[in-house]
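In what follows, a structure is listed as structure tokens, so that the remarks can point back to it.
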Amino acid sequence: MRLQEMSWPAVAAVSKDVPVVVPIAAVEQHGRHLPVFTDSMLLGEVVRRAAESLKARVIWTPLLWVGNSHHHLEFPGTLSAAPRTYLDLLGDLIDNLVGHGFHRVVLLNGHGGNIVPSQQAVFEARQRYRQRDDLLLLAATYWLLGGQPHQADPSIAQQRMAHACEWETSMILHLAPSLVGDLSAIEPVAPGAAFEPATRGWITRERSVHGHIGDPRRATAEKGQTLFRVFSQDVVSFLERVIGWDGRSWEG
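Each residue of the sequence shown is one higher than the one before, starting from -10 at the first, in the numbering used here.
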């Protein structure tokens, strides 16, 4: 079910145990070869495929295209909400849905810069509703749900998400190949380990002059199809767990 296509009485009539999924993404630079709407396009396709499988068992809100992308602001075309502003926005959306009576709210993320804010948003919301034991508030990122695309297709060299990389470039090649620029002159940019296991604050231009991280030259549309299949099935499997939650227990 798409929230934007429903009347308010239709929303009111839905069982409040039906999960509501809020897709969150971004508009930001993706190197010299991919469109600034890449994250939103990719998450939108993952959601479309998952929605086809789950039918009326989930409500999907419209995709939230603004994200926490301040680390890309040196690159024209990036549109971003400041970290605290974005965190408050996510918190308000959770409050809206809980206020409408829903018990299961999922922030489904498609942008690396949203990972921490989305996790913090559900943490803070749980504190606001700490007397409730019937709420399931979750933040999940589609490429971190357990799938291993390189096992499904051994020609995929990359094993974790980077930026405008083999994965993302392959998926755009599959979805909208006319939007992919010339890959022949691109040099790979290693993700690096920085100060791991610590987390370092960074901005993109410290890591990549051109804006990409990884090796987009390896991308193919066929790999993109595999990536979409793996990631959308991960989302379906994850939401099946949310649907199956008994309404009280810690495990799911």
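Don't be surprised by glycine CBs; every beta carbon is placed ideally from N, CA and C.
Whole-angstrom C-beta distance between residue j and residue i, which should lie under 8 Å
{"i": "L(-8)", "j": "P51", "result": "7 Å"}
{"i": "G66", "j": "V25", "result": "4 Å"}
{"i": "L216", "j": "P8", "result": "The Cβ separation is near 24 Å, so there is no contact."}
{"i": "G88", "j": "E113", "result": "Actually they do not touch by this definition, with Cβ atoms about 16 Å apart."}
{"i": "R21", "j": "H199", "result": "5 Å"}
{"i": "L97", "j": "Y131", "result": "7 Å"}
Residue i versus the options, residue with shortest Cα-Cα distance
{"i": "L133", "options": "E17, V36 and V224", "result": "V224"}
{"i": "L126", "options": "Q108, H89 and E195", "result": "Q108"}
{"i": "R117", "options": "N85, Y131 and N98", "result": "N85"}
{"i": "R262", "options": "D171, L164 and S144", "result": "Look at the range of the chain in this structure, -10 to 241, and you will see that residue 262 is not part of it."}
{"i": "I202", "options": "S159, A2 and H19", "result": "H19"}
{"i": "Q222", "options": "A(-1), M(-10) and L32", "result": "L32"}
{"i": "R230", "options": "D6, W(-3) and T209", "result": "D6"}
{"i": "R194", "options": "H59, A(-1), A1 and V47", "result": "H59"}
{"i": "A129", "options": "P(-2), V3 and V10", "result": "V10"}
{"i": "T158", "options": "Q214, P72, A70 and R46", "result": "Q214"}
Endpoints, beta strand (DSSP E) assigned at residue i
{"i": "R93", "result": "R93 to N98"}
{"i": "F7", "result": "For the sequence presented, residue 7 should be read as Val rather than Phe. That residue, V7, is in no beta strand (DSSP E); it is neither H nor E in DSSP."}
N- and C-terminal bounds of the alpha helix (DSSP H) containing residue i
{"i": "L76", "result": "P72 to G88"}
{"i": "L216", "result": "A210 to G233"}
{"i": "A129", "result": "Here A129 belongs to no alpha helix (DSSP H); instead the beta strand (DSSP E) covers L125 to T130."}
{"i": "E34", "result": "T27 to L43"}
{"i": "T193", "result": "T193 to R196"}
{"i": "S159", "result": "E155 to L164"}
{"i": "Q140", "result": "P138 to A141"}
{"i": "V169", "result": "No alpha helix (DSSP H) contains V169, which DSSP labels as neither H nor E."}
Within-8 Å CB hit, residue i to chain D
{"i": "R230", "result": "In the structure shown, chain D cannot be found, because there is only a single protein chain."}
Residues bridged to residue i (per DSSP)
{"i": "I48", "result": "V9"}
{"i": "L23", "result": "H19"}
{"i": "I202", "result": "H152"}
{"i": "V178", "result": "G203"}
{"i": "L53", "result": "I13"}
{"i": "R119", "result": "Answer by DSSP bridge pairing: none, since R119 is not bridged."}
Q) Does the segment 165 to 178 come within contact of the segment 202 to 211, defined as at least 3 CB pairs closer than 8 Å? A) Verdict: yes, contact present.
Q) Quick one: any contact between the segment 93 to 106 and the segment 1 to 17, if contact means 3 or more CB pairs under 8 Å? A) Flag = yes, the segment 93 to 106 and the segment 1 to 17 touch.
Q. Counting pairs of Cβ atoms below 8 Å between the segment 69 to 80 and the segment 28 to 46, do you hit three or more?
A. Between the segment 69 to 80 and the segment 28 to 46, the count of C-beta pairs closer than 8 Å stays below three; the two stretches do not touch.
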